[in-house]
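Enquirer:
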Amino acid sequence: MVEDIITGLSRIRWLFVIARNSSFTYKGRAVDMKQVGRELGVRYVLEGSVRKVGSRVRITGQLIDAEDGSHLWAERYDRELTDVFALQDEITISVVAAIEPNLRRAEIERVKRRRPDSLDAYDLFLRALPDVYTFMPQGAAKGLPLLDQALAIEPSYALVHGFAAWAHQTLFIRGGMQAEHREKASRHAHAAIEHGSGDAMALALAGFTIGLVEHDRRLADEAFSQALALSASCAFVYTFGCVPVAYGGDAARAIDWCEQALRLSPLDAMNCVPQGMIGFGNFLAGRHEQAVVAGRRAVEMNPGFSILHGWLAAPLARLGRLDEAKAAGARMLALDPHFAIGRWSAAVGLAPEIVGEVTDAMRMAGLPE
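Per the numbering used here: the sequence shown ends with 1295, consecutive numbering throughout.
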């Protein structure tokens, strides 16, 4: 199982993972994690144990910051020992999926403490993330100069191209529909594919951007498929994949991907997206009550993300709860005053079979044409 976890973590391109032979020298020894970090040249250490009692097994794991000894993540898994290989696969997927977002948060906090004049491409990238993760044009505009600086240092940095594509796509769709941002989003997305054949996150962002601004569902699906082949436990891929899948009209597949994202990374800061898309998918399927429940959860997670209010307004309107629908629509317009139903639906490429259902409901909610 340890080998499987090492392999899974190694597929996350931005992580430097020590090989099995080196990490196994500490097996069964009581060691100081700070010492381990110094000896192996790593910033974080994952340790765990396996205990078997009869037909049951208990597996524990904890992620430790080797610089200060603090705990970043811990989990315990109690399982029946029936199918050993199935158990190994389950635990591997769970551990890898949980560790990646926790490490990402820890790295962002570390970079915030660095002096600006000591930042390299990786640190510049991390410093941009909190702003880009707002999903809104103000944050994207603030994060892009840092991403541009990172690419000036490393022009083939696939993941930075992916985030730059997302940032420009945000500015295009929610910042005034300027052609310049659409063109730059496409350029960075294709660069992410060109340089990121082994980077699941870069491919996911490329697929997301290509699906939404180029409306090329085939190429977007190829990028998502390649990303999942690299890392089937990457919640990030499902999170960004569910949006173009839903806008393409495949509600069932979109909901499945959303549920995968939430299951793999239940505490992820980006979970407003799969939660909101569960609402949108249920809306497309005519399950309006379920859509409202999911939509409200998404808004609670990130009330500053404008389109979440639009995804909530649509099922409220179909249920005849027009006062609530119009209130949700008003909140969306307060966050995104550029929004217009026709321009938005054309910009994101809503599939012909769903465009009428979505736009009619938004009109009922008082959103402008």
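C-beta: ideal position from N, C-alpha, C; glycine also.
1. Mark Gly1174 as exposed unless 16 or more other C-beta atoms lie within 10 angstroms of its C-beta, in which case mark it buried.
2. With H, G and I counted as helix, E and B as strand and the rest as coil, what does DSSP make of Ser1157?
3. Do you know how far the Cα of Ala956 is from the Cα of Ser1151?
4. Exposed or buried, which one is Thr1008 when buried takes at least 16 other CB atoms within 10 Å?
5. How about Met1127 and Ala1172: do their beta carbons lie closer than 7 Å?
6. Please confirm if the segment 1055-1074 is in contact with the segment 1178-1193, defined as three or more CB-CB distances below 8 Å between the two stretches.
7. Quick one: Cα of Val968 to Cα of Ala992, how far?
8. Determine the closest residue to Ser1159 out of Ile1019, Thr1096, Ala1130 and Asp1046, with distance taken between C-alpha atoms.
9. Going by Cα to Cα distance, which pick from Phe1209, Lys978, Arg1222 and Leu1029 is closest to Met1288?
10. With 16 as the cutoff for other CB atoms within 10 Å, does Ser996 come out buried or exposed?
11. Let me check understanding here. Comparing Cα to Cα, which of Ala1211, Ile1267 and Glu1215 lies closest to Ile1233?
12. Helix, strand or coil for Leu989, going by three-state DSSP, please let me know.
13. What does a CB cutoff of less than 7 Å around Ala1251 pick up in its chain, not counting 5 residues either side in sequence?
14. Roughly how many whole angstroms lie between the Cα atoms of Asp1049 and Glu1279?
15. What are the boundary residues of the beta strand (DSSP E) that Glu997 is part of?
16. For Val979, which three-state DSSP category applies?
17. Measuring alpha carbon to alpha carbon, tell me which of Thr1165, Val1169 and Gln1216 ends up nearest Leu1197.
18. Under the assumption that Val983 contacts Arg1005 (Cβ atoms under 8 Å), give the Cβ distance between them as a whole number of angstroms.
19. Taking the alpha helix (DSSP H) that Ile1136 falls in, what are its first and last residues?
20. Closest by CA to Gly1069, which one among Ala1090, Gln988, Arg1002 and Leu1131?
21. Does the segment 1106-1123 come close enough to the segment 1071-1091 to have 3 or more Cβ pairs within less than 8 Å?
22. Does the distance from the CB of Ala1149 to the CB of Ala1132 come in under 7 Å?
23. Looking only at its own chain, which residues have a Cβ that is under 8 Å from the Cβ of Ala1000, when we skip the five neighbours before and after it?
24. Considering Phe1231, what are the terminal residues of the alpha helix (DSSP H) in which it resides?
25. How about Ala1217 and His1235: do their beta carbons lie closer than 7 Å?
26. Quick one: is the Cβ of Ala1161 within less than 6 Å of any heavy atom of the ligand PLP?
27. Taking C-alpha atoms, which residue in Phe1098, Lys960 and Lys1110 lies nearest to Ala1273?
28. Please report how far the alpha carbon of Ala1032 lies from the alpha carbon of Ala1177, in whole angstroms.
Expert: Taking the definition as stated:
1. buried
2. coil
3. 42 Å
4. exposed
5. no
6. no
7. 7 Å
8. Ile1019
9. Phe1209
10. exposed
11. Ile1267
12. strand
13. Ala1239, Leu1242, Ala1243, Met1290 and Ala1291
14. 44 Å
15. Inspection of the sequence shows that residue 997 is occupied by His rather than by Glu. Where His997 is concerned, the enclosing beta strand (DSSP E) stretches over His997 to Glu1006.
16. strand
17. It should be noted that the sequence gives Asn, not Leu, for residue 1197. Ranking the options by Cα distance to Asn1197, first place goes to Thr1165.
18. 6 Å
19. Where Ile1136 is concerned, there is no enclosing alpha helix (DSSP H), given that its DSSP letter is neither H nor E.
20. Ala1090
21. yes
22. yes
23. Thr986, Gly987, Gln988 and Leu989
24. Here Phe1231 belongs to no alpha helix (DSSP H), and DSSP marks it neither H nor E.
25. no
26. The ligand PLP is not part of the structure shown, which contains no ligands of any sort.
27. Phe1098
28. 34 Å
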